[in-house]
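In the numbering used here, the protein residues as written are 510 to 641. Yeah, the Cβ is synthetic: ideal placement off N, Cα and C, and Gly gets one too.
Okay, here's the thing in structure tokens:
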């Protein structure tokens, strides 16, 4: 029987599945890539999936990132990937303009995300992933 892990998207809320993945690693004493035959995700879940299956550059069978390291990624880099406007912060909520942007195009610029993905995941090929 194959074990498949699907991680949902949700922007900065990727913190939630990261916390669950940390608990799984703690309880099993294993890294997520060793527990599942296939790991996939949508949107921010895809970022977590990439981190879980990227091999270390020096040892191809060991994952580069733990779930805890990926949680730190969201805390350190989340504002770059999912920025909020100054008025959103001042109002403490989402602005009407921000909500309308969802209907008219991308909510966030792709450039900060692409830059971070290049830095954290480099040029690793799908064929090099620890799980397909």
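Between residue 547 and residue 537 the beta-carbon gap is near 17 Å, outside 8 Å, which marks them as no contact. Per the coordinates, the alpha-carbon of residue 560 lies some 24 Å from the alpha-carbon of residue 510. Taken atom to atom, the span from the alpha-carbon of residue 549 to that of residue 555 is near 6 Å. Taken in chain order, the complete alpha helix (DSSP H) segments of 4 residues or longer contained in the stretch 525–590 are 541–544, 553–562, 576–590.
By alpha-carbon distance to residue 540, the top candidate from 591, 563, 590 is 563. The criterion of a C-beta distance shorter than 7 Å is satisfied by residue 531 and residue 577. Assignment of beta-bridge partners to residue 515 by DSSP yields 549.
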